[in-house]
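Worksheet: the structure to be examined is printed underneath.
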Amino acid sequence: MSAKNHEEPISNIVQRAQKAVHIWRQGVIQTGGALRPEKCKWYLINFKWRNGKYKYCDVSDDPAKIFLKNTNGEKCEIDRLDTKCGLKGLRVHISPEGNHDDLLDFFISTTPGKEGKIAKWTNSINSSSLKQHDVYVSAFHSIFKSVEYVLPATSMSDAECKKIDTMLHKTFLPRIGIIRTMSIAYRSAPSRYQGLGSLHTSSRQFILKTKNFLQHANSETQLGKSITNTLESLHLLMGINTPLFDLSYDDYGFLAETTWITNLWQKSSEYGLKISGSYVKPNIIRTGDFSLMEELVQSGMMTPAEMLSVNRCRIYLRAQNFSDIVTGDGLRIRTAFMEKSTHQIRSSYTWPFQPNPPLADWRQWKTAVSEIWNVNEQGILVAPLGAIKTRPHSLQDWYYSKSTKKLYHNLSLSELHISYIPMTDSTRDNRKFCYPSVVSSKPLDAEPAIVSDEQQHRPVLESLVPNLVIDHKSDSYEKQLFYSCVNMFTQGETMAQVIREGNAIAVCDASVKNNTGAASWVITDVTETVQINGDHGVPPSFSTMDSYRAELYGIYSILQVLSDLEKDYGIQQGSIHIVCDNINALNNSFTYSDRAPITASDYDILWAIFHIRQRLYTNITFEHVYGHRDKTKKTLTQLERLNVMMDKRAGLLRQRLETQTDYTFSHLHNMQQWTVSHNGNIITRNLEKNMTNLLFERKMFKHLIEKKKYHPDAPSMINWDAIERASKLLPKSRQLWVTKFASGFLPTALAMQGRGDWDDTKCPICQNVTETTNHILSCSDERASNIYRNRLKRFETWMLSVNTDPILVLIIVSSLKPKYPTSFYDPQFHYQSPTLTKASQSQDVIGWYPFFKGHISRQWMVAQREHLMNIGDAQAVAKADKWASQLVSQIYDFPYSLWEYRNSVLHAKVDDKLNAKESQKLFKSITKELAKGTQNLSRNDLPLVAIPIEALLQKSVSERKSWLLSVRAARECVIKNKNNSNLRMRHGLLTWMRTGSLRNSSLPDG
Ligand SMILES: [Zn+2]
């Protein structure tokens, strides 16, 4: 329930709320239910203003109460919550003020008895004996999902998200065998970047919110309407005309209130992902006009605090653009707006509430007027404003009639006007008026006028307002582009008649190659005497072009033309038969009864199709034909023949597009909807996956360059596609191993020593050198070298077996052979193709050790593709892609087999003799247990410690270990029993104190 207007007193609103509660209770009772007062809560949201700024009121400011009768008819007060408190609704706690404190508590609180969800999960994992894999599954399928569930609704800050992430991983990582300190880049990166793919709350929140935003914005859903309202309010509040998401958050963020959308804008600005779409927003009114606040921010002459002062004055005055405070002739600023003013503009917009700001704010306003918006001391504009292009939002209610040459002023809603006649004594200036008189109505030809009424009863006509309204959703440019590809062979009217009579048929087909797509279509009838056709380049997207997208575009083009024919020729009914050889494109175009989900491939075109279908009068039937029927010997049907024709035309256009670089694609289909894009490429498929990859690409590249000292160009040379596909060939445990190896988090001797588990850092195989991740590959011990050589032999055999370019094999093998960093590029070697030279040089930029992490140059794949093409392989592209991913998984086998061997050496010693580190550790533990003597041992277990230490040390390692386990277990057992009996004792006493009887208690015997 909200106030009817700014003036409605709080007590009145509370009274209305109280009445509503009463009616609701009655209603619930009538339907056999009941309202329980103890389960009801309410908020009173009110603001107090000080120095032009608002604050939320608390209970002491408005001590209002609301009552509800319980089932016994007793009057109970309903619990009133402070606006800071979150109230749980649909499992999300967000306070009216927008803070997430209670939500965070709900997840991470560790207060005993009130543990948050994550704390509870952590405790249960800690006390369980689940295996690595089970912990992994539990995390990804239970607790991560619980957190994700709330994220589409929240706007948590990075710091808040980090709190959740830290708590989650504190237990999770060690339990799956990974050190807690693993960098976030590897902890949360997807498999494409060799990461663990674990939850990263902040980026997840952004992605899930973007999905919701795109799906609902510009739609009629509740959320869709709310998005439109918030966007419009933000534009007025911030005083901006440029679409919000096009502005940098760093520059303009301070002007905005924290909202669900502001948070989305902040993150999209930070991640470099562009959200764009069309919506109604304020615009400049005349030539030379500008948004007051954008001009202010760009001038860089004021601090954010000073600009906020100016903004408060601006909102109070309701001025959006410079033209709002300038006279109609465009020459000077209205005197009322030079400094502190109470003259609020009557505007057609619904403005945010703002009381008159304090004097300090007005001083900033005056500075802005004179120094930034270029007005001299007399209020004359340095650069006058030009022609008025659209009707302003300010409502003046002045009109001028050319027939009567009089000015008319409407003072109220009635038809009564005050008319003014031109002043006769003014010889030079005929724009001054005088002699007011009341008339019953204004003449029909009276048009809106901008008038200065600064002088009482002496209005001055400054300008007439042209009677046009700019269509803010203007798509004329895109439409022109689209229709430049359409041939109207006959007049539209003839075609319109064919459609009305239900005889129209339409056929489309597409051609796709090398990420380029073209679609051709024709609308005609059985006689083919009328024909409209078109050939379009299919707008590319972030994902690779395929025939599905191109065919969809063909169907869209037919519908777009059909819909325009309907509009132009007033078609009210009719039908058309649409034919296409892609069954999926046909089905998806015509079977969705609502907007396709954003998870659907090429949802941008599907949405455009749905949007047109919704307002189409013409009835559509559709049919699938088989393409390329010209290759059979049979006689073709008309539809098949048309399909073949379209196929040829699309093929021709596609060939032209492959070489033509300046082709401009029409984005007409995107005009009504929102999209997210990266470097100008709209993401139309696998939105979540692609966004995740893009976000972590930034993180991973930064990590590789800054932490792993990669060459700044190296990360973008790596074939991540191959790494991503290779990960799909690996079982989960091997993927985990790849993450540990690539991130440098394998438990090498150096790492073990760093954690305090080992005493020295020597390699377990050669016992000679510090064991680092790199040493695993270059250990000079003969046994390790043998394994490496074997591996290399098998690698070579594999490469030759899959048709690898023999010279490529030679280059790779010869640089891997020496077993230490060796250049891939050899200037002495003259037989390589330019591509192979590029490949080996770029691999040298990436590095020799990184090669074993699967960080291979994309150019190897290009070289292999060329080789396959040269030997006449028709599927060279697909095969080279597959080859590259297999190459990566073959490369992983080098470090993996060496690591396995190293572990076998380490563990082989355990049964006969321990290595020094382990032996020492065991000795320490044994002497410690013996020193404890008979403490906490039951009578039966006493012989365990009776054994002399010398005898014990004579025994085998496994016997010594089992002795240690037995003693420890025996002591633990006694300690546990003691605790239990203490507990039972206390419980029993409590029962006795309450009931006076010990009979039912569980006091231990005796
Ligand atoms: Zn070694």
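Residue numbers (the numbering used here): 481 to 1486.
Think of the CB as a built atom: it goes at the ideal place given N, C-alpha and C, for glycine as much as any other residue.
Going by other Cβ atoms of all chains shown within 10 Å of its Cβ, with 16 needed for buried, is residue i buried or exposed?
i: His486; result: exposed
i: Asn1161; result: exposed
i: Pro939; result: buried
i: Phe1374; result: buried
i: His649; result: buried
i: Phe425; result: Since the displayed the chain opens at 481 and closes at 1486, residue 425 lies outside it and no answer follows.
i: Gly719; result: buried
i: Phe693; result: buried
i: Lys594; result: exposed
i: Phe1495; result: Residue 1495 lies beyond the residue range present for the chain, which begins at 481 and ends at 1486; the question has no answer from this structure.
i: Pro1244; result: buried
i: Phe725; result: buried
The alpha helix (DSSP H) spanning residue i covers which residue range?
i: Gly972; result: Gly972 to Arg980
i: Asp730; result: Tyr729 to Tyr732
i: Gly810; result: Careful: Gly810 lies outside any alpha helix (DSSP H) and carries neither H nor E.
i: Ile1092; result: Tyr1083 to Gln1094
i: Thr1004; result: First-last for Thr1004: Thr996 to Thr1004, but that is the beta strand (DSSP E), not the alpha helix (DSSP H).
i: Val627; result: Phe624 to Val630
i: Gln612; result: Gln612 to Ser618
i: Glu640; result: Asp638 to Arg655
Could you tell me the alpha carbon to alpha carbon distance between residue i and residue j, rounded to whole angstroms?
i: Arg1448; j: Gln612; result: 25 Å
i: Lys953; j: Met1151; result: Per-residue confidence for Lys953 stands at a pLDDT of 48, beneath the threshold of 50, marking its modelled position as unreliable; no derived number is given.
i: Asn531; j: Pro837; result: 6 Å
i: Arg871; j: Ser713; result: 20 Å
i: Glu1103; j: Cys1060; result: 7 Å
i: Asp1516; j: Ala1231; result: Outside the shown range of the chain (481 to 1486) lies residue 1516, about which nothing can therefore be said.
i: Thr646; j: Asp841; result: 43 Å
i: Arg1235; j: Lys1189; result: 24 Å
i: Phe652; j: Ala619; result: 7 Å
i: Tyr751; j: Leu1175; result: 6 Å
i: Arg1345; j: Trp1328; result: 23 Å
i: Trp1278; j: Arg1109; result: 41 Å
i: Gln435; j: Pro517; result: This structure does not reach residue 435, given that the chain is present from 481 up to 1486, and the question cannot be answered.
i: Lys1299; j: Leu1316; result: 22 Å
i: Thr591; j: Val572; result: 20 Å
i: Tyr534; j: Arg667; result: 42 Å
i: Arg980; j: Glu973; result: 10 Å
i: Trp1217; j: Thr1407; result: 37 Å
i: Tyr759; j: Glu774; result: 19 Å
Which residue comes first and which comes last in the beta strand (DSSP E) that contains residue i?
i: Tyr536; result: Lys533 to Tyr536
i: Met1232; result: Counting along the chain, Met1232 falls outside any beta strand (DSSP E), though it belongs to the alpha helix (DSSP H) covering Ala1229 to Gly1234.
i: Ala929; result: Glu927 to Ser932
i: Trp529; result: Phe527 to Arg530
i: Gln674; result: Note, Gln674: premise wrong, no beta strand (DSSP E); not H, not E.
i: Tyr1097; result: That residue, Tyr1097, is in no beta strand (DSSP E); it is neither H nor E in DSSP.
i: Met968; result: Val966 to Met968
i: Lys1169; result: That residue, Lys1169, is in no beta strand (DSSP E); its alpha helix (DSSP H) goes Leu1167 to Glu1186.
Beta-carbon separation of residue i and residue j under 8 Å?
i: His1147; j: Thr1101; result: no
i: Arg1129; j: Val992; result: no
i: Tyr880; j: Leu941; result: yes
i: Leu772; j: Ala816; result: no
i: Ser1023; j: Gly1014; result: no
i: Trp831; j: Ile795; result: yes
i: Val1002; j: Val978; result: no
i: Arg1205; j: Ser1365; result: yes
i: Asn721; j: Ile765; result: no
i: Ser899; j: Ser917; result: yes
At a cut-off of 7 Å, would you count residue i as near ligand 2, judging by its Cβ distance to the nearest heavy atom?
i: Asp1261; result: Among the ligands modelled here, namely ligand 1, ligand 2 does not occur.
Pop quiz: residue i and residue j are said to be a contact at Cβ under 8 Å. What is the actual Cβ separation, rounded to whole angstroms?
i: Leu1137; j: Thr996; result: 5 Å
i: Gln474; j: Phe1275; result: As displayed, the chain neither begins before 481 nor continues past 1486, which places residue 474 out of reach and without an answer.
i: Ile605; j: Arg660; result: Rounded, the Cβ-Cβ distance is 14 Å, inconsistent with contact.
i: Gln1215; j: Ser609; result: Contact flag wrong, Cβ pair sits at about 24 Å.
i: Ala500; j: Val508; result: In fact, because the Cβ distance is near 12 Å, the residues do not count as touching under 8 Å.
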